[in-house]
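The sequence shown begins at 374 in the working numbering and counts up by one. Ideal Cβ placement from N, Cα and C applies to all residues, glycine included. Everything on this sheet refers to the single structure shown next.
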Amino acid sequence: MSKLDRFMREKEVLVLTTLSRTTLWREIKKGRFPKSVVISAGRVGWRESAVFAWQAAPDRWSEDSTISSTGCQ
Numbered sequence: 374m375s376k377l378d379r380f381m382r383e384k385e386v387l388v389l390t391t392l393s394r395t396t397l398w399r400e401i402k403k404g405r406f407p408k409s410v411v412i413s414a415g416r417v418g419w420r421e422s423a424v425f426a427w428q429a430a431p432d433r434w435s436e437d438s439t440i441s442s443t444g445c446q
């Protein structure tokens with residue numbers, strides 16, 4: 374049985390990464406941080422594996438590397 378990737382809400386991502394909200398969204402816009410995923414109407418989250426991949430190597434992170442390593446989009 375494979376482990377499901379859990380979703381992190383914005384507040385948890387900000388605490389874990391120590392980024393400010395403005396910096397988080399700026400980095401997403403520039404393609405230097407994982408994009409959020411729509412969970413339900415009006416709710417977004419980040420895949421835990423994508424945030425951890427970014428945290429492991431923020432200067433080398435790319436959306437393509439996250440998809441290939443996790444198999445998730």
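Sequence-distant Cβ neighbours of tryptophan 419 in its own chain, meaning closer than 6 Å and more than five residues away, are Met381, Val386, Pro407, Ser409.
Along the length of the stretch 385–436, whole beta strand (DSSP E) runs at least 3 residues long occupy 410–413, 416–420, reported in chain order. The residue from Arg394, Lys376, Leu377, Glu400 with its alpha-carbon nearest to that of proline 431 is Glu400. With fewer than 16 other Cβ atoms from the protein chains shown falling within 10 Å of its own Cβ, alanine 429 counts as exposed.
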